[in-house]
Structures are given as C-alpha cells and as structure tokens.
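Here's the structure we're looking at; comments come further down.
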Amino acid sequence: MFGFPQIDSDYTVWLQLDGKEFELDNFNIGFGQAVDHKGQPQDEVRGGLLRGTFLETVPDNVFHWAMKNTAKEGSVVFKVKSGSSPFKVDFMNAYCIGFKQQIDSVGGGVTSVITISPDELRINDISLITIGKKIAHAQIYF
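For the sequence shown, our numbering assigns the number 105 to the initial residue and increments by one for each residue that follows.
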C-alpha cells in the first residue's frame, strides 16, 4: 500500500514544522489491532503515534513544542536522490507528548527523540482520524 520504489531506495527523512525542515536519523509509525487466540482481529485499529530521532540537539521550536501543551501541524517526508518524495505523513492538531535527549561523551554525541500524538494523519494523501487513538476511516511510532 505504501511501498517504496525499489530502484531508488537511498532516501533521507525530514520533519517539516513551522515552515522549516529538520533531518531525522530515524522515524517510526505503527498501528496495531488486538487479536484472539486464533489470531483474528477483536478490536479496532489503534495507534497514531509518531517517533523521530535527531542526531543532534533539537531545534528551539521543537524543544518549546515538547515543553508546552501546544498543538501543531507538520509533515514527515521521505526524499530520494532523484528529488521525488515517495512517502509523506502529514499530522494535524498534534502534540509533542515525549522528549528524550541522551548525551554520550565518549564519541556518541547527542541523540534526541520526540514522540508526536496527532488528532489526524494523512499518509500519502490517505486521511486517517485518530479518535482516542482508535483509527477511524475517512481519517504513527517515531
């Protein structure tokens, strides 16, 4: 459904927020569904959290977002050398609900991780609305 073209798999991942772009080292998005002992679905799809890793201290606007109860809109865009963007996640009315920074003084540098909880996601222009973190149609771990 959201597969990458195999011919151009050398890509970078960018967080677009407040009119600026920041490169991410790692990005996760995930959805899950409870199953019974036979492996059959027993509940609605849940998820909608995005998690992203920076290999540096986070920019000031991202840090302030993490420290305040403020909703923002933005995107996570995968870019390939050819200039195309094969995968894009837009998030709306999203809160930064997690922030972790680790400093490794023995050659590891700084790693910063943020977790974003959106009310609405759009994955490659397919809209998903997260209601209480249940996913309803007509509507990520980072």
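Quick reminder that beta carbons are idealized off the backbone N, C-alpha and C, glycines included.
From a predicted model like this one, the values you see are computed outputs, not experimental measurements.
Under the three-state DSSP convention, the category valine 214 falls into: Of the three classes helix, strand and coil, the one that applies to valine 214 here is strand, per DSSP.
Lysine 66 to valine 214 span [Cα, whole Å]: One cannot answer for residue 66 here, as it falls past the ends of the chain, which runs 105 to 246.
Where valine 162 falls: helix, strand or coil (DSSP): coil
Bridge partner(s) assigned by DSSP for alanine 198: Lys176 and Pro222
Through-space distance from isoleucine 220 to glutamine 243, alpha-carbon basis: Annotation note: pLDDT 33 at glutamine 243 (below 50); position unreliable, coordinate value reported separately. Straight-line Cα distance between these residues: approximately 17 Å.
Any 3 or more C-beta pairs closer than 8 Å across the stretch 113-121 and the stretch 168-180: Contact annotation: the stretch 113-121 touches the stretch 168-180, with at least three C-beta pairs closer than 8 Å.
Span of the beta strand (DSSP E), counted from its first residue to its last, around valine 117: 115-121
Endpoints, the beta strand (DSSP E) within which glutamate 125 is located: Going by DSSP, glutamate 125 is part of the beta strand (DSSP E) stretching over 124-128.
From Gln144, Asp129, Asn228 and Gly134, residue whose alpha carbon lies closest to that of serine 188: Asn228
Beta-bridge pairing of lysine 183 - partner residues as DSSP gives them: DSSP, once it has assigned bridges, lists Thr116 as partnering lysine 183.
CB contact flag (phenylalanine 158, phenylalanine 126, <8 Å): yes
Nearest neighbour of glycine 225, chosen from Asp122, Asn197 and Asp208 [CA to CA]: Here residue 225 turns out to be leucine, not glycine, going by the sequence shown. In terms of Cα proximity to leucine 225, the closest of Asp122, Asn197 and Asp208 is Asn197.
Beta-carbon proximity list for methionine 171, same chain, < 8 Å, skipping 5 on both sides: Phe203
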